[in-house]
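Structure first, then comments.
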Ligand code: BTN
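Numbering (the numbering used here), first residue to last: 6 to 270.
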């Protein structure tokens, strides 16, 4: 598939970017193993909050639950560094997934939903994965040492070229048949993350907005964590982001970390 090549550089990403925190420092790499690793190195050298690492291609992108994440050239892979309050840590999942949903709607005109906790789906297929790596040791009283939010959005990816994800993945190009500007997607995403983080910092809650976008609630699901799996009815979510699942024997299980597969209706 031939795509228009875009001039993705630190300068084009940052140009007149009207944000207060996110994107004040942007590092762009044509190719690297994972933006998460560079973000960690940046944290170790005292990088400012809102630093963004963007890659055109990742050669060892990683996902949740020890999975890998494919980032061939032409898609979006970035990590953003935050130093949030400890109380804000559970909200970062909500912030990141809401930012992606809004970005997809405004740049591609597509309706996107969130599969608990933070996969973004279009028409039932995954278009975006989010990975949060945080060090929750407190500094300055109530701040976490760091939280790095990694976001991968399939923009030009053709799922048919990758048999391992073909049944479950999609991309903005696959859904629209149009070239969606990757630069526009990145800039919009940074603006949305900035807007939502500022609202969190001012004490607002993202919980209701995130809950209302979840496609998971009211469905039969299979819950998978690293070492176990069970089935049940996804009943509700708690304000800390955990999922309450009713099992066949009536017991309610609270799931803090894991993945859900939606059963077909
Ligand atoms: C998942 O769905 O399992 C999460 C995928 C997260 C992928 C992004 S791409 C940018 C950042 N760098 C990585 O290596 N992973 C995240």
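Even for Gly, the Cβ is constructed at its ideal location relative to N, Cα and C.
- Taking residue 124 as reference, the option from 130, 117, 134 with the minimal CA-CA separation is 134.
- The distance from the Cβ of residue 110 to that of residue 86 is about 26 Å, inconsistent with a contact at the 8 Å cut-off.
- When the beta-carbon positions are compared, residue 267 and residue 229 stay at least 8 Å from each other.
- If you check the CB distance, residue 244 and residue 11 do not come in under 8 Å.
- Runs of the alpha helix (DSSP H) lying entirely within the stretch 210-247, each at least 4 residues long, are 212-218 in chain order.
- Taking all protein chains shown into account, residue 89 has 16 or more neighbouring C-beta atoms within 10 Å of its C-beta and is therefore buried.
- Here residue 226 is near residue 237, since their CB atoms are less than 8 Å apart.
- Annotated three-state conformation of residue 45 is helix, per DSSP.
- When the beta-carbon positions are compared, residue 192 and residue 136 stay at least 8 Å from each other.
- Counting the other CB atoms within 10 Å of its CB gives residue 64 a total below 16, which places it among the exposed residues.
- Distances from the CB of residue 66 to the heavy atoms of the ligand BTN include at least one below 7 Å.
- When DSSP states are grouped into helix, strand and coil, residue 131 belongs to the strand group.
- C-alpha of residue 190 to C-alpha of residue 112: approximately 6 Å in a straight line.
- For residue 83, the uninterrupted beta strand (DSSP E) run begins and ends at 81-87, by DSSP.
- Cα atoms of residue 48 and residue 247: separation of roughly 28 Å, rounded to the nearest angstrom.
- When Cβ pairs closer than 8 Å are counted between the two stretches, the stretch 170-183 is seen not to touch the stretch 100-108, the count staying below three.
- Cβ neighbours of residue 167 within its own chain (closer than 8 Å, five residues either side excluded): 75, 174.
- In the displayed model, residue 199 falls within a helix according to three-state DSSP.
- The Cβ atoms of residue 242 and residue 160 do not sit closer than 8 Å to each other.
- Relative to the ligand BTN, even the nearest heavy atom lies 7 Å or more away from the CB of residue 217.
- In the DSSP assignment, residue 102 falls within the alpha helix (DSSP H) that extends over 96-113.
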